[in-house]
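Everything in the sequence shown is counted per the working numbering, starting at 13 for the first residue and increasing by one.
Here is the structure we will look at.
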Amino acid sequence: MSVHTAKRRLAPADIKALKGERPIVSLTAYTTPVAKLMDQHVDFMLVGDSLGMVLYGLDSTVGVTLEMMIAHGQAVMRGSSNACVVVDLPFGSYQQSKEQAFATAARVLKETGCSAIKLEGGAEMAETVHFLTQRGIPVLGHVGLMPQLINTTGGYRSLGRNDKEVEKIRKDAAAIDDAGAFAIVIEGTVEPLAREITGAVKVPTIGIGASPACDGQVLVVDDVLGIFTDFKPRFVKHFANLAPLMSEAFATYAQEVKARSFPGPEHTFQLKKG
Numbered sequence: 013m014s015v016h017t018a019k020r021r022l023a024p025a026d027i028k029a030l031k032g033e034r035p036i037v038s039l040t041a042y043t044t045p046v047a048k049l050m051d052q053h054v055d056f057m058l059v060g061d062s063l064g065m066v067l068y069g070l071d072s073t074v075g076v077t078l079e080m081m082i083a084h085g086q087a088v089m090r091g092s093s094n095a096c097v098v099v100d101l102p103f104g105s106y107q108q109s110k111e112q113a114f115a116t117a118a119r120v121l122k123e124t125g126c127s128a129i130k131l132e133g134g135a136e137m138a139e140t141v142h143f144l145t146q147r148g149i150p151v152l153g154h155v156g157l158m159p160q161l162i163n164t165t166g167g168y169r170s171l172g173r174n175d176k177e178v179e180k181i182r183k184d185a186a187a188i189d190d191a192g193a194f195a196i197v198i199e200g201t202v203e204p205l206a207r208e209i210t211g212a213v214k215v216p217t218i219g220i221g222a223s224p225a226c227d228g229q230v231l232v233v234d235d236v237l238g239i240f241t242d243f244k245p246r247f248v249k250h251f252a253n254l255a256p257l258m259s260e261a262f263a264t265y266a267q268e269v270k271a272r273s274f275p276g277p278e279h280t281f282q283l284k285k286g
């Protein structure tokens, strides 16, 4: 008698176990159709608060709400069955206290079905990360450039260019590692420092504008597809250039509607004769 077991979704523990085995592949995802296309190609999908900028046209991630994150988390879960799904906790939903962070994270896990949450912060958030992980909530950490702190850090720029920044990022990564995160995103950090941290921490590092030596990489899906055209950070590579193709499709559609060449007979429902 054979036992058939369904293929299970990758878990945070599976991501953690990939350190030293092979590079970890991640992208952001916000919608069901994109999640379906991406699911078999990535280890984990990050429902990032970057959606505030690339989907909603906000100037930063600060204005993203918890309801927005939950709605998009649900959409990504509906479109995936293989990849681990991690949802960002938005600004203001976890920094007040570790109890607030737990309540927010528990709601996200319950209402989306995702496997883990991500929060930004270093040593100052280590107690919160420990509190969450000890209570059954897997946490993806995030150090280096932290977009949610853009109003106090003076803009988007690479970090680790002076001794003070280097020491802070080192301490932040070590604190989040010790607190129990299953992996740590390192963003906007000079290459030698990101490489050093990757070798120093026990858990995988996921680079974005960091180092090819990181244990994995993540990019914003709209950047990968060449759809987000407002600006292009140095660390972004367009693996496709869909913006011109989309614009051309919209223009052609408009022309055909105006010319009454669309819809044609093949696009309409006719009464059957007889």
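For each residue, glycine too, the CB sits at the ideal point set by N, CA and C.
- Between the alpha carbons of P159 and T280 lies a distance of about 49 Å.
- Secondary structure note for S259: its alpha helix (DSSP H) is the uninterrupted segment L254 to K270.
- Here the alpha carbons of L144 and T43 stand approximately 27 Å from one another.
- The shortest C-alpha to C-alpha distance from D100 to any of K110, L67 and M57 is the one to M57.
- Straight across, the Cα-Cα distance linking A206 with P275 is about 54 Å.
- By the criterion of at least three beta-carbon pairs nearer than 8 Å, the stretch 90 to 104 is in contact with the stretch 16 to 31.
- Listed as beta-bridge partners of D100 by DSSP are K130.
- Secondary structure note for Q229: it is in no alpha helix (DSSP H), and the uninterrupted beta strand (DSSP E) holding it is G228 to L231.
- A195: member of the beta strand (DSSP E) spanning A195 to E199, first to last residue.
- For I36, the secondary structure class from DSSP, reduced to helix, strand or coil, is strand.
- Within the model, the alpha-carbon separation for E278 versus K270 is close to 18 Å.
- Per the Cβ contact rule, the stretch 182 to 199 is in contact with the stretch 213 to 226 (3 or more Cβ pairs under 8 Å).
- Counting C-beta pairs closer than 8 Å gives three or more between the stretch 98 to 112 and the stretch 121 to 137, which meets the contact rule.
- Leaving aside the five residues that flank L237 on each side, the residues in its chain whose CB is nearer than 6 Å to its CB run, in chain order, A252 and L254.
- Between L70 and H84, the beta carbon gap of about 14 Å keeps them out of contact (Cβ cut-off 8 Å).
- Pairing A41 with V213 gives a Cβ-Cβ distance that is not under 7 Å.
- Shown here, H84 sits in a helix according to DSSP, grouped into three states.
- Residue burial annotation: G211 is exposed, with fewer than 16 other C-beta atoms found within 10 angstroms of its C-beta.
- Counting the other CB atoms within 10 Å of its CB gives P204 a total below 16, which places it among the exposed residues.
- Non-local beta-carbon contacts of A187 in its own chain, meaning distances under 7 Å to residues more than five positions away in sequence, involve G134, A135 and A138 in chain order.
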